[in-house]
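Colleague: full-length UniProt numbering puts the first residue of the sequence shown at 1, with every later residue one more than the last.
We put the CB at the ideal spot given by N, CA and C, even for glycine.
Below you will find the structure I want to go over with you.
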Amino acid sequence: MIPYILCIESAAKECSMALLCGKDVVASRDATEGGHNANLSTFADELIALIPEGEQLSAIAVGDGPGSYTGLRISASLAKGLAFSLNVPLIAISSLKILEENIRSKCSELPSGYAITPMLDARRMEIYSALYREDEDGTPQSFVMDKEEDINRFQRLVKDASIIFYGGDGAEKIRPLFNNLFADKAVYVDSVKLHASDMASAALKCWDSGSFVDLAYWTPNYLKEYNAVVTSNKVIGTMPNSLTPDA
1 MIPYILCIES AAKECSMALL CGKDVVASRD ATEGGHNANL STFADELIAL IPEGEQLSAI
61 AVGDGPGSYT GLRISASLAK GLAFSLNVPL IAISSLKILE ENIRSKCSEL PSGYAITPML
121 DARRMEIYSA LYREDEDGTP QSFVMDKEED INRFQRLVKD ASIIFYGGDG AEKIRPLFNN
181 LFADKAVYVD SVKLHASDMA SAALKCWDSG SFVDLAYWTP NYLKEYNAVV TSNKVIGTMP
241 NSLTPDA
């Protein structure tokens, strides 16, 4: 039986969802920045309704991170809720692996010794990245690309690659630095975006192998701790004496 898998990805500024029938994308939805909470539930209803009569949803696949803390929490909560209520297994896929699939699809040729390094924006000069080679999955890592020790660590990671294909929203801001460090073998791949449609290959592989996560204990791979920020228009302090309630 060919599985129907609902894929959810919201680790970046945009969020997306896709319904798979095997490796084929039946339909997909996406929303611009800030639409995670408002759109994902609606997308799920619309896509599940497209499953033909007599068929049923086989599994939920969700982006595992790293990425936006808020976005990951929203998609994780939705994915767990759907999997529990529909009694289907949950699949978790690295968001960097999803981005790597998008880069791979845009490369017409992958020469021997290649490496693919997807890059997600982690704010300031920090990126989330991993190194993917043929038949070798990468380990998600965080790099602060204006710190010498992190630059050296990244250089060690890719030193054996014959050519490096890189892209993603994290690549945009460090492109000049990256091209300077690896000018002889760096190839920037344009228009690379994180999208649930690129989860097809990894989701089907997990389905076939029975690689599911525990609904009760799985949490996204945030990779770094949440950093709460008080915006400038939020004033926190003590009340003036004249406004202090009486004891």
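1) Gly67 and Ala11 look like a contact to me (Cβ under 8 Å); what is the Cβ gap, rounded to whole Å?
2) Kindly indicate if chain B contains any beta-carbon less than 8 Å away from that of Leu157.
3) Measuring alpha carbon to alpha carbon, tell me which residue in Tyr132, Cys21, Asp121, Val88 is nearest Arg104.
4) Output the distance between the C-alpha atoms of Val235 and Ala38, rounded to the nearest integer angstrom.
5) Can you tell which of Cys21, Val62, Ala76 has the C-alpha that lies nearest to the C-alpha of Leu50?
6) Around the Cβ of Ile5, are there at least 16 other Cβ atoms within 10 angstroms (buried) or fewer (exposed)?
7) Can you find at least 3 beta carbon pairs, one from the stretch 86-105 and one from the stretch 144-153, that sit closer than 8 Å?
8) DSSP on Arg133, reduced to helix/strand/coil?
9) Can you tell me whether DSSP reads Gly170 as helix, strand or coil?
10) Note the first and the last residue of the continuous alpha helix (DSSP H) segment covering residue 253.
11) Are the beta-carbon atoms belonging to Lys193 and Ile164 less than 8 Å from one another?
12) Which residues does DSSP list as the beta-bridge partners of Phe165?
13) Measuring CA to CA, which of Leu223, Asp160, Cys7 is closest to Ala83?
14) On the three-state DSSP scale, how would you describe Gly71?
15) Taking the alpha helix (DSSP H) that Ile60 belongs to, which residues open and close that run?
16) Would you please state the rounded distance, in angstroms, between the beta carbons of Ser16 and His195? I believe it to be under 8 Å.
17) If we require 3 or more residues per run, which beta strand (DSSP E) segments fall completely within the stretch 73-117?
Modeller: Once the coordinates are examined:
1) In the sequence shown, counting from the first residue as 1, residue 67 sits at position 67. In the sequence shown, counting from the first residue as 1, residue 11 sits at position 11. About 3 Å; that satisfies the 8 Å criterion.
2) Here chain B cannot be found, since the structure has a single protein chain.
3) Start at 1 with the first residue of the sequence shown, and residue 104 comes out as number 104. Considering only alpha carbons, the answer is Tyr132.
4) Locating residue 235 in the sequence shown gives position 235, counting from the first residue. Locating residue 38 in the sequence shown gives position 38, counting from the first residue. Residue placement at Val235 cannot be trusted, given a pLDDT of 40 that sits under 50; the coordinates are not used to answer.
5) Your numbering for residue 50 matches position 50 in the sequence shown. If we check each option's Cα against that of Leu50, Cys21 comes out closest.
6) Locating residue 5 in the sequence shown gives position 5, where the first residue counts as 1. Result: buried.
7) no
8) The residue labelled residue 133 in the question sits at position 133 within the sequence shown. In the structure shown, Arg133 sits in a strand (DSSP, three-state: E or B).
9) By 1-based counting over the sequence shown, the position of residue 170 is 170. In this structure, Gly170 counts as helix in the three-state DSSP scheme.
10) Nothing can be reported for residue 253, as the shown portion of the chain is limited to 1 through 247.
11) Mapped onto the sequence shown, residue 193 falls at position 193. Mapped onto the sequence shown, residue 164 falls at position 164. The answer is no: Cβ separation not under 8 Å.
12) Numbered from its first residue, the sequence shown carries residue 165 at position 165. Answer is Ile116, Val187, bridged to Phe165.
13) Residue 83 sits at position 83 when you count from the first residue of the sequence shown. It is Cys7 whose Cα lies nearest to the Cα of Ala83.
14) Numbered from 1 along the sequence shown, position 71 holds the residue referred to as residue 71. In the structure shown, Gly71 sits in a helix (DSSP, three-state: H, G or I).
15) Residue 60 sits at position 60 when you count from the first residue of the sequence shown. Counting along the chain, Ile60 falls outside any alpha helix (DSSP H), though it belongs to the beta strand (DSSP E) covering 59-63.
16) Here residue 16 corresponds to residue number 16 of the sequence shown, with the count starting at 1. Here residue 195 corresponds to residue number 195 of the sequence shown, with the count starting at 1. That belief holds up - the Cβ atoms of Ser16 and His195 are roughly 5 Å apart, short of 8 Å.
17) 90-93
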